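Undergrad: Final position of the sequence shown in the UniProt record's numbering is 244; the numbers increase by one with none missing. From the three backbone atoms N, C-alpha and C, an ideal C-beta is built for every residue, glycine too. Since the model is a prediction, treat every value here as computed from it, not as a measurement.
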Amino acid sequence: MAQPSPVEAQVAVTQVPELGPDVFTNEHKADVPSPEACWFRSDICVYIAMISFQKRSTPASNVFTYGLRMPKIEVEPEDIPIEAVAQLNDSQVNQAGEVLQSSKPVEEPFDWRPIGILVGNNPTAFRLRGFVRAQPLSATPASAHLAALAYASDEKFLGVALHANPDAAGKGGRNVGMVTSLTHNISFHDPTARADRWMVAERKTTWGADERVNVQQLLWDRGSGRLLMTVQQEALVRLRNGRL
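1. Could you check if His28 is buried or exposed, using at least 16 other CB atoms within 10 Å of its CB as the buried criterion?
2. From Met199 to Phe131, what distance separates their C-alpha atoms?
3. Straight-line CA distance for Asp22 to Glu234?
4. Please state the DSSP three-state secondary structure of Glu27.
5. Within this structure, are the beta carbons of Ala148 and Val11 separated by less than 8 Å?
6. Taking the alpha carbon of Val179 as the point to measure from, which residue in Asn214, Ala193, Gly225 and Tyr151 has its own alpha carbon closest?
7. Touch check for the segment 115-124 and the segment 180-188: three-plus C-beta pairs under 8 Å?
8. What ranges does the beta strand (DSSP E) occupy inside the segment 122-180, keeping only unbroken runs of at least 3 residues that lie completely in it?
9. Assign Ser103 to buried or exposed, taking buried as 16 or more other Cβ atoms, counted over all protein chains shown, within 10 Å of its Cβ.
10. With a Cβ-Cβ cutoff of 8 Å, do Val231 and Ser143 count as a contact?
11. Quick one: what's got a C-beta closer than 8 Å to Ser5's C-beta in the same chain, skipping five residues either side?
12. Tell me the DSSP secondary structure of Glu78 in three-state form.
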């Protein structure tokens with residue numbers, strides 16, 4: 001029997017019948033980005049998930065069929081060493097600060113291979129691209145892969161806004177007082193997507209004002225070029241001196 005992938009432990013849930021027929025909780029204690037991060041405050045859950053479903057039986061002739069094309073990439077995932085992630089983090093920490101670093105589990109749920117960074121005169125021109133995949137999942141249901149993709153969608157996601165504003169964030173993160181997500185919306189475009197195959201991710205920020213930022217993410221299947229997932233998150237980024 002195949003060994004469970006590290007991400008499977010992060011997304012596994014179990015039913016809590018004493019709280020209701022549709023109540024579930026994590027089988028294992030969830031990893032958090034840092035000691036300061038939390039899912040609960042004063043024993044109250046600080047977030048809730050709203051999930052919608054779509055019938056696969058809808059006739060193809062009655063729907064629009066299109067998707068944003070995957071960026072043209074000249075390199076293969078295997079051409080990028082695993083150490084490139086640490087090198088990217090180090091280079092960005094020098095600009096935007098140690099606040100971008102996180103406490104990592106012994107086994108990373110996902111293998112990230114950074115492709116490159118596109119920068120411009122405006123934070124909205126910033127693009128962070130990379131390859132990503134989970135270790136082979138032992139679970140075969142499509143729901144397990146979608147749960148893994150949902151987990152990946154939030155990994156280091158808010159760092160995009162800080163990377164795109166290195167001067168405002170300050171060297172060593174000294175200007176960043178608090179970072180927290182407010183909303184996190186995921187649209188899955190392929191129910192058969194597999195999280196353990198190479199995918200291409202692109203992250204950007206489209207807006208920032210009044211201590212709020214908006215970050216977006218697109219994920220494509222590396223082999224087919226099909227758009228798998230679109231993610232949008234609004235977050236609070238509070239600086240010690242000034243605002244984004």
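TA: Based on what the coordinates show:
1. Burial call: exposed.
2. Spanning the two alpha carbons is a distance of roughly 6 Å.
3. Whole-angstrom Cα-Cα distance: 28 Å.
4. Glu27 falls in the coil class under three-state DSSP.
5. Ala148 places its beta carbon less than 8 Å from that of Val11.
6. The shortest CA-to-CA distance from Val179 to any of Asn214, Ala193, Gly225 and Tyr151 is the one to Asn214.
7. By the Cβ criterion, the segment 115-124 is not in contact with the segment 180-188, since fewer than three pairs of Cβ atoms, one from each stretch, lie closer than 8 Å.
8. Listed in chain order, the complete beta strand (DSSP E) runs (minimum 3 residues) inside the segment 122-180 are 127-134.
9. Because the pLDDT of Ser103 is 43, which lies under 50, any placement of that residue in the model is unreliable, and the question is left without a value.
10. For the pair Val231 and Ser143, the CB atoms are not nearer than the 8 Å cut-off.
11. If the five residues before and after Ser5 are omitted, its C-beta is found closer than 8 Å to the C-beta atoms of Pro109, Ala134, Gln135, Pro136, Leu137, Ser138, Ala148 and Asp196, all from its own chain and listed in chain order.
12. In this structure, DSSP gives Glu78 a helical state, which the three-state scheme calls helix.
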